[in-house]
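*Asks:*
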């Protein structure tokens with residue numbers, strides 16, 4: 059334990075400082091702080107899930123530029139699946155299933171066919187935009203809503219409880235659980251060790267008896283289910299409607315969050331919350347009239363902050379060495 063604390067003292071120090079600042083703001087501005095923190099987490103939920111898709115892919119050696127397309131297709135399939143069938147369960151299964159299919163498409167084209175990973179992701183995004191625009195129908199209504207969940211005991215904690223565990227969508231709780239589970243799996247299980255080996259030194263992993271191609275196929279495909287949940291949240295929870303381009307660049311923002319989180323799930327969760335809070339601050343300033351600029355401009359603040367933070371972080375973080383590189387066995 060002491061060794062772990064020593065190794066992660068910088069991260070722990072930053073986390074503690076952020077937590078203290080959050081509580082100071084919470085008690086100093088209790089009239090607006092709860093709603094701002096709630097809005098920040100609401101904005102961050104799909105970003106957390108999408109960033110995890112990127113983490114799993116790149117830790118496996120596959121760069122996933124197609125997260126935006128995966129989310130868009132899942133949002134479309136989930137919403138209209140529920141609207142036409144009259145069942146929210148059918149919609150949820152359709153969204154998650156579509157995310158898996160899109161992940162499988164990306165995995166097969168990049169791993170089995172060894173297509174350039176960036177091009178494959180761009181193709182997926184173009185296909186998603188075309189399909190969802192061509193088949194879009196207005197006026198459809200969902201038969202219900204994704205249920206909100208209260209977590210006993212945890213919801214009583216000031217700030218943390220009411221932000222994360224009180225009256226939140228089931229998908230929001232899945233996002234927290236997924237970040238913790240993926241982190242533990244990546245750094246404390248055999249699967250995680252093999253995944254990181256495949257993403258760093260695939261030839262050495264192959265020599266050790268790991269099937270590099272199969273592991274990449276499985277990981278990228280299964281990660282698509284998280285992209286499916288992110289899309290479902292956008293169309294069946296946050297807005298309860300589907301609009302053209304509903305993802306609005308969140309898939310690309312999630313990739314930036316993944317990089318700023320140093321390809322670590324829990325750090326990606328924190329960075330998603332950071333950008334969610336920036337968005338909440340911009341909205342609050344617009345509402346109070348203290349920021350007399352068009353709302354379209356305030357909506358760009360999370361993306362401007364992304365550029366600034368990426369510029370600061372450039373050269374200070376290093377991704378998996380084999381990410382973006384197709385693996386070919388020497389005997390092939």
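Residue numbers (the numbering used here): 59 to 390. Backbone N, C-alpha and C define an ideal beta-carbon position, used for all residues, glycine too. Fair warning: this is a prediction, and the values are worked out from it, not measured in the lab.
By DSSP, does residue 206 sit in helix, in strand, or in coil?
*Replies:* As a first step, residue 206 is located in the chain shown; it is residue number 148 there, counting from the start. In this structure, residue 206 counts as strand in the three-state DSSP scheme.
*Asks:* Here's the rule: buried if 16 or more other CB atoms are within 10 angstroms of the residue's CB, otherwise exposed. What is residue 114?
*Replies:* Translated into positions along the chain shown, residue 114 becomes position 56. Burial call: buried.
*Asks:* May I ask which residues mark the beginning and end of the alpha helix (DSSP H) holding residue 221?
*Replies:* Sequence index remark: in the chain shown, residue 221 carries index 163 (1-based). Premise fails: residue 221 is in no alpha helix (DSSP H) and is neither H nor E.
*Asks:* Let's test the definition: count the other Cβ atoms within 10 Å of the Cβ of residue 184 and tell me whether it reaches 16, buried, or not, exposed.
*Replies:* Position 126 of the chain shown holds residue 184. Exposed, because fewer than 16 other Cβ atoms sit within 10 Å of the Cβ of residue 184.
*Asks:* The alpha helix (DSSP H) with residue 271 in it runs from where to where?
*Replies:* Here the question's residue 271 lines up with position 213 in the chain shown. From DSSP, the alpha helix (DSSP H) with residue 271 extends over 270-291.
*Asks:* Does the count of Cβ pairs from the stretch 266-280 and the stretch 160-176 closer than 8 Å reach three?
*Replies:* yes
*Asks:* What does a CB cutoff of less than 6 Å around residue 223 pick up in its chain, not counting 5 residues either side in sequence?
*Replies:* In the chain shown, the residue the question calls residue 223 occupies position 165. Within the same chain, residue 223 has close Cβ partners 209, 212, 213.
*Asks:* Is residue 199 helix, strand or coil when you go by DSSP?
*Replies:* Counting from 1 along the chain shown, the entry for residue 199 is found at position 141. Note: residue 199 maps to coil in three-state DSSP.
*Asks:* Measure how close the beta-carbons of residue 99 and residue 331 come, nearest whole angstrom, since I'm counting them as under 8 Å.
*Replies:* In the chain shown, counting from the first residue as 1, residue 99 sits at position 41. In the chain shown, counting from the first residue as 1, residue 331 sits at position 273. Correct: roughly 7 Å between the Cβ atoms.
*Asks:* Using a 10 Å radius around the Cβ and a threshold of 16 neighbouring Cβ atoms, would you call residue 201 buried or exposed?
*Replies:* Along the chain shown, one-based indexing puts residue 201 at 143. By the neighbour-count rule (16 or more Cβ atoms within 10 Å), residue 201 is not buried but exposed.
*Asks:* Suppose contacts are defined by Cβ-Cβ distances below 8 Å. Is residue 256 in contact with residue 175 by that definition?
*Replies:* Your numbering for residue 256 matches position 198 in the chain shown. Your numbering for residue 175 matches position 117 in the chain shown. Their beta carbons are not under 8 Å apart, which means residue 256 does not touch residue 175 by this criterion.
*Asks:* Can you give me the Cβ contacts of residue 172 inside the same chain, cut-off strictly under 8 Å, excluding the 5 residues immediately before and after it?
*Replies:* Residue 172 sits at position 114 when you count from the first residue of the chain shown. Closer than 8 Å at the Cβ level, and outside the excluded window around residue 172, lie 384, 386.
*Asks:* Is residue 325 helix, strand or coil by DSSP?
*Replies:* Walking along the chain shown from the start, residue 325 turns up at place 267. Here residue 325 sits in helix by DSSP.
*Asks:* Between which two residues does the alpha helix (DSSP H) harbouring residue 156 extend?
*Replies:* Reading the chain shown from its first residue, position 98 is the one you call residue 156. That run of the alpha helix (DSSP H) goes 146-165.
*Asks:* Would the stretch 124-132 count as touching the stretch 150-163 if we require 3 or more Cβ pairs under 8 Å?
*Replies:* yes
*Asks:* Check whether the stretch 243-259 and the stretch 133-141 are in contact - that is, three or more C-beta pairs closer than 8 Å.
*Replies:* Segments in contact, no.
*Asks:* Just to check my reading of the structure: residue 314 and residue 108 have Cβ atoms closer than 8 Å, yes? What is that Cβ distance to the nearest angstrom?
*Replies:* Within the chain shown, the letter at position 256 stands for residue 314. Within the chain shown, the letter at position 50 stands for residue 108. With a Cβ gap of about 11 Å, residue 314 and residue 108 do not count as contacting.
*Asks:* I'd like to know if the stretch 218-237 and the stretch 284-291 are in contact, where contact means that at least 3 CB-CB pairs between them fall below 8 Å.
*Replies:* yes
*Asks:* Can you give me the C-alpha to C-alpha distance between residue 298 and residue 203, rounded to a whole angstrom?
*Replies:* On the chain shown, residue 298 is found 240 positions in, with the first residue counted as 1. On the chain shown, residue 203 is found 145 positions in, with the first residue counted as 1. When rounded, the distance between both Cα atoms is 7 Å.
*Asks:* Do the CB positions of residue 84 and residue 217 come within less than 8 Å of each other?
*Replies:* Start at 1 with the first residue of the chain shown, and residue 84 comes out as number 26. Start at 1 with the first residue of the chain shown, and residue 217 comes out as number 159. Closer than 8 Å, so yes.
*Asks:* State the Cα-Cα distance for the pair residue 192 and residue 90, rounded to the nearest angstrom.
*Replies:* Numbered from 1 along the chain shown, position 134 holds the residue referred to as residue 192. Numbered from 1 along the chain shown, position 32 holds the residue referred to as residue 90. If I take the Cα positions, the gap works out to 42 Å.
*Asks:* Hey, out of 240, 220, 369, whose CA is closest to residue 88's CA?
*Replies:* For this step, residue 88 is matched to residue 30 along the chain shown. When each option's Cα is compared against that of residue 88, the closest is 220.
*Asks:* If you check the beta carbons only, do residue 95 and residue 300 fall under 8 Å apart?
*Replies:* Position 37 of the chain shown holds residue 95. Position 242 of the chain shown holds residue 300. For residue 95 and residue 300, no; Cβs fall outside 8 Å.
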